[in-house]
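Student:
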Amino acid sequence: MKPYLLITVPLVMEKIYKNKVKPTLDKPIMKILLKIPGLNNIIYKKVKDGLVQAFGGNVEEFIMGGAALNPEVERLFKRIKFPYLVGYGMTEACPLLAYEHWTKYVAGSCGKAVDVAEVRIDSDDPQHVVGEIQARGENIMIGYYKNT
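Basically our numbering = 1-based index in the sequence shown + 2.
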């Protein structure tokens, strides 16, 4: 199979990073080679190509959700220009609430609200204080079966 789109949870990509990519990049010789301008770009391109090939070689975008992506993994993915993003969804939202194309995706975020939903954080200071995610829109269910 050669999928062009892969939807997964961050844990899958983190395990691949931890078991395959990180051990290679942590070798003493690799640490030296990665400090050489130009050569580091070639190495990072090989890492990116290897990750894409591991999933059939045709994947144009890796969509992750269900949890935040490990910041260490995210730094490498940004550095190698890996085509990934982390979105946010829930069953009640059928299922997507936030998404951004990988070329515009901001590390540490979960994208922007989808165009059919209004999303807000119910908090006195949503930039600094955790609050409840509230959403409404065409994609939000109106209730649970037999729950009046």
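A virtual CB, placed ideally from N, CA and C, is assigned to each residue, including glycine.
The alpha helix (DSSP H) spanning L7 covers which residue range?
Tutor: For the purposes of this step, residue 7 is taken as residue 5 along the sequence shown, with counting starting at 1. Element bounds for L7: not the alpha helix (DSSP H) but the beta strand (DSSP E), L7 to T10.
Student: Measure the CB-CB distance between L36 and I44 and report whether it falls below 8 Å.
Tutor: Counting from one through the sequence shown, the residue named residue 36 turns up at place 34. Counting from one through the sequence shown, the residue named residue 44 turns up at place 42. A distance of 8 Å or more separates the beta carbons of L36 and I44.
Student: What would DSSP say about K114, mapped onto helix, strand or coil?
Tutor: Sequence index remark: in the sequence shown, residue 114 carries index 112 (1-based). Residue state for K114 is assigned as strand, using DSSP reduced to three classes.
Student: Less than 8 Å between the C-beta atoms of G68 and V11, yes or no?
Tutor: Here residue 68 corresponds to residue number 66 of the sequence shown, with the count starting at 1. Here residue 11 corresponds to residue number 9 of the sequence shown, with the count starting at 1. In this structure, V11 lies closer than 8 Å to G68 by Cβ.
Student: According to the Cβ coordinates, are E62 and L7 closer than 8 Å?
Tutor: Walking along the sequence shown from the start, residue 62 turns up at place 60. Walking along the sequence shown from the start, residue 7 turns up at place 5. The criterion of a C-beta distance shorter than 8 Å is satisfied by E62 and L7.
Student: According to DSSP, what are the bridge partners of E134?
Tutor: Translated into positions along the sequence shown, residue 134 becomes position 132. DSSP, once it has assigned bridges, lists D124 as partnering E134.
Student: Between the Cα of A100 and those of F84, I65 and D126, spot the shortest distance and give me the residue it belongs to.
Tutor: Sequence index remark: in the sequence shown, residue 100 carries index 98 (1-based). Answer by Cα proximity: I65.
Student: Measure the alpha-carbon distance for G91 versus P97 and round it to whole angstroms.
Tutor: Here residue 91 refers to the residue found at position 89 when the sequence shown is read from its first residue. Here residue 97 refers to the residue found at position 95 when the sequence shown is read from its first residue. Going by the C-alpha atoms only, they are around 5 Å apart.
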